[in-house]
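Heads up: the structure comes next, in structure tokens.
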Amino acid sequence: MINENQPALYLIPVTLGETEISQVLPAYNHDIIVEIKHFIVENIRSARRFLKKVEKSIDIDELTFYELNRHTDRNVIGEYLEPLKNGKSVGIISEAGCPAIADPGADVVAIAQQKGFKIVPLVGPSSIILSVMASGFNGQSFAFNGYLPVEVPNRIKALKKLENKVWNENQTQLFIETPYRNAKMFETIINNLRPNTKLCVAAGITCENEFIKTLTIEKWKKQKMPDIEKVPAIFLIGK
Numbered sequence: 320m321i322n323e324n325q326p327a328l329y330l331i332p333v334t335l336g337e338t339e340i341s342q343v344l345p346a347y348n349h350d351i352i353v354e355i356k357h358f359i360v361e362n363i364r365s366a367r368r369f370l371k372k373v374e375k376s377i378d379i380d381e382l383t384f385y386e387l388n389r390h391t392d393r394n395v396i397g398e399y400l401e402p403l404k405n406g407k408s409v410g411i412i413s414e415a416g417c418p419a420i421a422d423p424g425a426d427v428v429a430i431a432q433q434k435g436f437k438i439v440p441l442v443g444p445s446s447i448i449l450s451v452m453a454s455g456f457n458g459q460s461f462a463f464n465g466y467l468p469v470e471v472p473n474r475i476k477a478l479k480k481l482e483n484k485v486w487n488e489n490q491t492q493l494f495i496e497t498p499y500r501n502a503k504m505f506e507t508i509i510n511n512l513r514p515n516t517k518l519c520v521a522a523g524i525t526c527e528n529e530f531i532k533t534l535t536i537e538k539w540k541k542q543k544m545p546d547i548e549k550v551p552a553i554f555l556i557g558k
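Next comes the structure, spelled out in structure tokens:
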């Protein structure tokens, strides 16, 4: 439950797809969410849908939403924390997974840290952590690299640089792609990395269509390409 004497910035994870709330989020999150009236969100429409999924009785019209995405002026996001000054807790909701992890919410958290506000991360699914757990790769040293270059020559160069880190530093390398380009990414990986480098494809994590498989590049070439064309996926390379 929220401590009314100490308002906080709550980092609220959401499901990674159309997964049942009870499957990935603890009941404690529900109890926190229903008490918050101010939310910083990446997309207001999807945030409203998520909140209704958490608790049908929530009155959306009573809530205040502040939109934070790549179009938001970074000079104004500090104003989103004004309710905290007035003793009201604020929640951050991402589009999927955990706020502030590969997410613009990190900018708000940084400001909250500077201002000395209490910050409470809630438990929930992170595709980054879950994919590392399931890959069989080094979980003590890994790096998430976001999106790789779109241009093929630059992409190949980036992939080989990450592969060198795998072999020279034993550091697991993670990256993502826009779902409709997943197939192209997969093809570029298996056509340009060493035969004995391992690739893990982790798609649709926690959802009904979940697919997680690790093979060497050599063995992937003998497999049918996974059907991940329109599914959020993380690619991991390791050894």
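Each residue of the sequence shown is one higher than the one before, starting from 320 at the first, in this note's numbering. Heads up, the beta-carbon is just placed ideally off N, CA and C, and yes, glycines get one too.
Segment contact: the region 470-486 against the region 507-514, three or more CB-CB distances shorter than 8 Å; contact assigned. Counting along the chain, the unbroken alpha helix (DSSP H) around isoleucine 448 starts and ends at 446-454.
In the same chain as valine 343, and ignoring 5 residues on each side of it, the C-beta atoms closer than 7 Å to its own belong to Thr334, Gly443, Pro444, Thr525, in chain order.
In the three-state scheme derived from DSSP, where H, G and I count as helix and E and B as strand, histidine 349 is classed as helix. Just measuring C-alpha positions, the residue of Ile536, Ile359, Ile531 sitting nearest methionine 452 is Ile531. Within the model, the alpha-carbon separation for isoleucine 547 versus tyrosine 329 is close to 33 Å. Relative to the Cα of lysine 404, the nearest Cα in the group Ala431, Phe494, Tyr385, Gly336 belongs to Ala431. CA-CA distance, serine 446 to proline 402, rounds to 31 Å. C-alpha of glutamate 488 to C-alpha of threonine 516: approximately 14 Å in a straight line. Using a C-beta cut-off of 8 Å, the region 354-371 makes contact with the region 405-422, since at least three inter-stretch Cβ pairs fall below that distance. Proline 440 is bridged by DSSP to Leu330. Measuring C-alpha to C-alpha distances from glutamine 492 to each of Gly455, Glu470, Glu537 identifies Gly455 as the nearest.
In its chain, beyond the 5 residues on either side, Ala327, Tyr329 have a beta carbon closer than 6 Å to the beta carbon of valine 439.
Rounded to whole angstroms, the gap between the alpha carbons of leucine 370 and isoleucine 377 is 7 Å.
Shown here, lysine 549 sits in coil according to DSSP, grouped into three states, outside any helix or strand.
When secondary structure is reduced to three states using DSSP, alanine 462 falls in the strand class.
Under the 10 Å beta carbon count, proline 418 is surrounded by 16 or more other beta carbons and is classified as buried.
From the listed residues Tyr385, Met544, Ile420, Gln459, the smallest Cα separation to cysteine 519 is found for Met544. Glutamine 542 and lysine 503 have their C-alpha atoms some 16 Å from each other. Around the CB of valine 469, fewer than 16 other CB atoms lie within 10 Å, so the residue is classed as exposed.
For glutamate 386, the uninterrupted beta strand (DSSP E) segment begins and ends at 383-386. At a Cβ-Cβ threshold of 8 Å, lysine 372 and isoleucine 340 count as neighbours. Short of 6 Å from the beta carbon of leucine 467, and not among the five residues preceding or following it, lie these beta carbons of its own chain, in chain order: Arg474, Ala477, Phe494. Annotated three-state conformation of valine 373 is helix, per DSSP.
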